[in-house]
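Taking the working numbering, the leading residue of the sequence shown gets 2, the next gets one more, and so forth.
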Amino acid sequence: MARRKISIIGAGFVGATAAHWAAEKELGDVVLVDIIEGIPQGKALDLFEASPVEGFDSKVTGTNNYDETKNSDVVIITSGVPRKPGMSREDLLEINKKIIESVAAQVVERSPNAILIMVTNPLDSMTYLTVKRSGLPKERVIGMAGILDTARYKAFIAMELSVSVEDIQALLLGGHGDEMVPLPRFTTISGIPLSQLLPKETIDRLVDRTRKGGGEIVNLLKTGSAFYAPSAAAIQMTEAILKDKKRILPCCVYLNGEYGLKDICFGVPVKLGAKGVESIIELQLTDEEKALVTKSAESVKKSISELKI
Ligand code: APR
Numbered sequence: 002m003a004r005r006k007i008s009i010i011g012a013g014f015v016g017a018t019a020a021h022w023a024a025e026k027e028l029g030d031v032v033l034v035d036i037i038e039g040i041p042q043g044k045a046l047d048l049f050e051a052s053p054v055e056g057f058d059s060k061v062t063g064t065n066n067y068d069e070t071k072n073s074d075v076v077i078i079t080s081g082v083p084r085k086p087g088m089s090r091e092d093l094l095e096i097n098k099k100i101i102e103s104v105a106a107q108v109v110e111r112s113p114n115a116i117l118i119m120v121t122n123p124l125d126s127m128t129y130l131t132v133k134r135s136g137l138p139k140e141r142v143i144g145m146a147g148i149l150d151t152a153r154y155k156a157f158i159a160m161e162l163s164v165s166v167e168d169i170q171a172l173l174l175g176g177h178g179d180e181m182v183p184l185p186r187f188t189t190i191s192g193i194p195l196s197q198l199l200p201k202e203t204i205d206r207l208v209d210r211t212r213k214g215g216g217e218i219v220n221l222l223k224t225g226s227a228f229y230a231p232s233a234a235a236i237q238m239t240e241a242i243l244k245d246k247k248r249i250l251p252c253c254v255y256l257n258g259e260y261g262l263k264d265i266c267f268g269v270p271v272k273l274g275a276k277g278v279e280s281i282i283e284l285q286l287t288d289e290e291k292a293l294v295t296k297s298a299e300s301v302k303k304s305i306s307e308l309k310i
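What follows is the structure in structure tokens.
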């Protein structure tokens, strides 16, 4: 059986780190693409030269030419500008819109059967833009945000309780912005409801830190935004798809009436498998949770309207 092919567009911090995780996990052969000459080639060669040490057999190549992405199974799109301190994800919209439009067209022309994983911010509107422009079925254009936001939430809970991150199950809804909706009611530690282990004020503080989690990293790094956790999250989605794992993960997908929302890309729990989004899971929410979802959806709608498409 031929190896699976994963193309990663954008060989910057997120793209190159995603290539690292993908190769190490032997999910398939990796093609790293960037507009800057030498960067994808250099990073790919360096990563492949690590393979005899780490013992992985994935082929890793770097290129400036989209022809080498032909017939990819999964394409992870990270090309674009990251945030700097003081910027919101929305501040990136104009410049990243142009990049994503051109990248998505070149990718889809060569890999019409691929599943696209979007990472570039502002995530919800870049995913929407790609759903609208690519001509791909909505099940095959999926935004990476929910896994990252949930991972931050889980990390903060694990730090607070001093327990293994492996024992935390959690879920989060909404757009990839400060209005995201972590759901303490759906958070357990090995089955124990979070509310039995932490007081409400502490949970509120962790939820707030999660909402601002991306900004916390931007303020620390000063020259760019997070990349280890975002790339790991994109690779978890890639693995679920390539291994047809049918995992239940929060992802940004196109909604057509689910959660009372239409014509929007928004973070909800989905089943991820070989076909991409195989189903969308609708949770029974309380009125308070519904109000938070509505608020988050309003800010995503605003961002989408700024795309002017
Ligand atoms: N085609 C291919 N690559 C491009 C293009 C393009 N049209 N335009 C820009 N790039 C490349 C840049 O040359 C750069 O190498 O995208 C890469 C982006 O890398 P970084 O600047 O390191 O940014 P990174 O931290 O990886 O973030 C990328 O992911 O999480 C989001 O908000 C983040 O939108 C940002 C994206």
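The beta carbon of each residue, even a glycine, is placed where N, CA and C say it ideally should be.
>> What does the alpha-carbon distance come out to for the pair Ser280 and Ile242?
In response: 13 Å
> What is the DSSP secondary structure of Ile236, reduced to helix, strand or coil?
Replying inline: helix
> Among Pro194, Arg210 and Gly215, which has the Cα closest to the Cα of Phe157?
Replying inline: Arg210
> Is the beta carbon of Phe267 sitting closer than 8 Å to the one on Gly175?
Replying inline: yes
>> Please state the DSSP three-state secondary structure of Lys302.
In response: helix
>> Does Thr189 come out as helix, strand or coil in the three-state DSSP assignment?
In response: strand
> When the Cα atoms are used, what is the spatial distance from Leu94 to Ser306?
Replying inline: 11 Å
> Residue ranges of each beta strand (DSSP E) run of no fewer than 3 residues wholly in the region 5 to 31, ordered along the chain?
Replying inline: 6 to 10
> For the putative contact between Pro231 and Pro251, defined by C-beta atoms under 8 Å, what is the C-beta separation to the nearest angstrom?
Replying inline: Their Cβ separation, rounded to whole angstroms, is 14 Å, which puts Pro231 and Pro251 out of contact at 8 Å.
> For Asn72, does the three-state DSSP call read helix, strand or coil?
Replying inline: coil
> Do Ala12 and ligand 1 come close, with the Cβ less than 7 Å from some heavy atom?
Replying inline: yes
> Quick one: complete beta strand (DSSP E) runs, 3+ long, within the region 127 to 195?
Replying inline: 142 to 144
> Can you name, in chain order, every residue of its own chain whose Cβ lies under 7 Å from the Cβ of Thr18, other than the five neighbours on each side?
Replying inline: Phe228, Tyr229 and Ser232
> If you scan the region 35 to 63 from start to end, which runs of the alpha helix (DSSP H) of 4 or more residues do you find wholly inside it?
Replying inline: 40 to 50 and 52 to 55
>> Among the candidates Leu162, Ser8 and Gly147, whose CA atom is the shortest distance from the CA of Val34?
In response: Ser8
> Would you call Ile96 buried or exposed, if buried means 16 or more other Cβ atoms sit within 10 Å of its Cβ?
Replying inline: exposed
>> By alpha-carbon positions, which one of Lys44, Val254 and Pro138 ends up nearest to Ala12?
In response: Lys44
> Do the CB positions of Leu198 and Leu184 come within less than 8 Å of each other?
Replying inline: no
> What are the boundary residues of the beta strand (DSSP E) that includes Asn257?
Replying inline: Arg248 to Asn257
>> With a threshold of 6 Å on Cβ separation, who are the neighbours of Val132 within its own chain once the five nearest residues in sequence on each side are excluded?
In response: Lys139, Val142 and Tyr255
> Does ligand 1 have even one heavy atom less than 7 Å from the beta-carbon of Asn122?
Replying inline: yes
> In whole angstroms, what separates the C-alpha of Ile10 from that of Ile78?
Replying inline: 5 Å
> Cβ of Arg84 versus every heavy atom of ligand 1: is any distance shorter than 7 Å?
Replying inline: yes
> Can you tell me whether DSSP reads Pro270 as helix, strand or coil?
Replying inline: strand
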